[in-house]
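Worksheet: the structure to be examined is printed underneath.
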Amino acid sequence: MYLITFATAFISLFGYTGSSCTFPTELTGDWISSHKGEITFSNESTHVYNYPMYMSATVNALNFSCDQQSGRKYLLKSVGAVEAFSSYIDAYVCIELYRVSAYKFYYYIGTAESSTNSDYVYGRVNGTVVDITEACNRAEPYEDSTFVTLVKSGAVDSGKADATCPDDLLASYTNITYTDHAGASACSGNSENGCSNKVLMTYTYESCTSGSVFSANGSFHCIHSLTSGSTTYLSVWNDDVTVDDSSTYRFTCLAFKKEGTTIYATEYPRFCKDTTQSSTTVASPGIVVVFESRSTTCVLTETAISSGWWIALIVILVLVVVGGVLVGVILMKKHKNKINMLELVRIS
Ligand SMILES: *[C@@H]1O[C@H](CO)[C@@H](O)[C@H](O)[C@H]1NC(C)=O
Ligand SMILES: *[C@@H]1O[C@H](CO)[C@@H](O)[C@H](O)[C@H]1NC(C)=O
Ligand SMILES: *[C@@H]1O[C@H](CO)[C@@H](O)[C@H](O)[C@H]1NC(C)=O
Ligand SMILES: *[C@@H]1O[C@H](CO)[C@@H](O)[C@H](O)[C@H]1NC(C)=O
Ligand SMILES: *[C@@H]1O[C@H](CO)[C@@H](O)[C@H](O)[C@H]1NC(C)=O
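Residue numbers for the sequence shown, in mature numbering (1 follows the signal peptide of the UniProt record, and there is no 0): -19 to -1, 1 to 329.
Structure (structure tokens):
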């Protein structure tokens, strides 16, 4: 009881920043979100600055404070009322946060998409009390595929945010076909090398007149992946110096499945869509990618000698050692007998 009163007094004394929760301290600094591009977490881990969001002709980014936390869920609340949709509102964004390393996190957006600005935001007339369960209004469980990757600024360049590409992509292909989401504008004969560097996918594009491949130079870093059912979802970073965010993007997400030596994939800007994206179907402006003519694979085969063989090998070794000892003992006995006999002969 006293403890609670003390804690309350402590919070009201020191909670003057208007923030009642804090993000993990590792998040301090500049990060690149696969959804939002560059965002900044404040030094005190209480705020997110310059989170791009279109609210009106004059407001296209918001500052948020960490307002409430429940387990992995954090509720971000706009700092100050936002003049939008012809009234003053408090804007909220709910995220469910996961750590991969000090340089890489991912999160699920826990707020449903608002039809007003086609972004994930929950708005209420300013001053209204909003509970985290009210603003985290996206249906759960969230589709696994819809994770948003967050990498520390500079970490991809320094190699600290890379992940080894998924096994099925550790190969090279000489006939990759791109089509748009509807299967039109096919462009075949592109190739990809996934073996020179296992954290990179390096594409060589044919000069096709139509269609998009989301990158000018075709160099992608594998950043994070997860497998759900039989489909793998992979977040990749495009190494292009600049991207225009309409035909090329910093982040894209691949949903893929391997059948025989063919990989069926779809690719979507920023982060993977909900159930509308599978290894063969995707909404606009997504693209369909089929990897054929596999030339080499470079999967590490650490399990080449199965555990059964290891056991057999150990048994054989043990038998050899035991056999050796036995033979040695027998030989020594024989030798001793010989000596004894010699002694007997000498005595007689
Ligand atoms: C945050 O900390 C960094 C490094 O200590 C400093 O350069 C920067 O000015 C600080 N930013 C703010 C807003 O206090
Ligand atoms: C967000 O905060 C920064 C630093 O405090 C400030 O310069 C900027 O104007 C703020 N942006 C908005 C939209 O309030
Ligand atoms: C809502 O925001 C406006 C503009 O900042 C302000 O004048 C008003 O007092 C706010 N109302 C509440 C209830 O916070
Ligand atoms: C490449 O793949 C496309 C689509 O499957 C096919 O039509 C074409 O013949 C293939 N080209 C080569 C050289 O294998
Ligand atoms: C593609 O790579 C070349 C050579 O490294 C570089 O000069 C160019 O800026 C790159 N283009 C983009 C869009 O990143």
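From the three backbone atoms N, C-alpha and C, an ideal C-beta is built for every residue, glycine too.
In the DSSP assignment, the alpha helix (DSSP H) including residue i goes from what residue to what residue?
i, result
"Glu115", "113 to 116"
Taking the continuous beta strand (DSSP E) assigned at residue i, which residues delimit it?
i, result
"Gly104", "103 to 106"
"Val217", "212 to 219"
"Val180", "Taken as a continuous stretch (DSSP letters only), Val180 belongs to no beta strand (DSSP E), as it is neither H nor E."
"Glu248", "243 to 250"
"Arg225", "At residue 225 the sequence reads Asp, which differs from the Arg that was named. Element bounds for Asp225: n/a, residue is neither H nor E."
"Thr130", "129 to 133"
"residue 343", "A question about residue 343 goes unanswered here, because the residues of the chain that appear run from -19 up to 329."
"Tyr230", "Where Tyr230 is concerned, there is no enclosing beta strand (DSSP E), given that its DSSP letter is neither H nor E."
"Val269", "268 to 278"
Would you say residue i touches ligand 3, meaning its beta carbon is less than 7 Å from a heavy atom?
i, result
"Tyr69", "yes"
"Gly108", "yes"
Can you tell me whether residue i is buried or exposed, with buried defined as 16 or more other CB within 10 angstroms of its CB?
i, result
"Ala285", "The pLDDT assigned to Ala285 is 49, lower than 50, so where the model puts this residue is not dependable; a value taken from the coordinates is nonetheless given after this. Under this definition Ala285 is an exposed residue."
"Gln256", "The sequence as given places Thr at residue 256; Gln does not occur at that position. Thr256 comes out exposed."
"Ser227", "exposed"
"Asn41", "exposed"
"Val132", "buried"
"Gly267", "buried"
"Gly91", "buried"
"Ala264", "exposed"
"Asn171", "buried"
"Arg231", "buried"
"Gly175", "buried"
"Asn198", "exposed"
"Val106", "exposed"
"Val110", "exposed"
"Val194", "buried"
"Thr122", "Checking the displayed sequence, the identity of residue 122 turns out to be Pro instead of Thr. So Pro122 ends up on the exposed side."
"Ser96", "exposed"
"Gly108", "exposed"
"Leu298", "exposed"
"Pro5", "exposed"
"Val63", "buried"
"Thr127", "buried"
"residue 330", "Nothing can be reported for residue 330: it is not among the residues displayed for the chain, which extend from -19 to 329."
"Leu281", "exposed"
"Phe(-10)", "The pLDDT assigned to Phe(-10) is 38, lower than 50, so where the model puts this residue is not dependable, and the model offers no usable value."
"Ala165", "exposed"
"Ala142", "buried"
"Val222", "exposed"
"Ile328", "Residue placement at Ile328 cannot be trusted, given a pLDDT of 46 that sits under 50; what the coordinates show is reported in the next sentence. Exposed: under 16 other Cβ atoms inside 10 Å."
"Asn219", "buried"
"Asp11", "exposed"
"Asp112", "exposed"
Hey, would you say the C-beta of residue i is under 7 Å away from at least one heavy atom of ligand 4?
i, result
"Glu273", "yes"
"Gly52", "no"
"Thr242", "no"
"Ser169", "yes"
"Asn156", "yes"
Beta carbon of residue i: closer than 7 Å to some heavy atom of ligand 6?
i, result
"Tyr30", "As presented, the structure is devoid of ligand 6, carrying ligand 1, ligand 2, ligand 3, ligand 4 and ligand 5 as its sole ligands."
Kindly examine ligand 2 and report whether one of its heavy atoms sits closer than 7 Å to the Cβ of residue i.
i, result
"Asn44", "yes"
"Val60", "yes"
Using only the heavy atoms of ligand 5, determine whether one of them is closer than 7 Å to the beta carbon of residue i.
i, result
"Asn198", "yes"
"Asp221", "yes"
- Which runs of the beta strand (DSSP E), 3 residues or longer, sit entirely within the stretch 13 to 88? 18 to 22, 28 to 33, 42 to 51, 54 to 59, 63 to 65, 68 to 82
- For the stretch 140 to 167, which segments carrying the alpha helix (DSSP H) assignment without a break, of at least 4 residues, lie completely within its bounds, in sequence order? none
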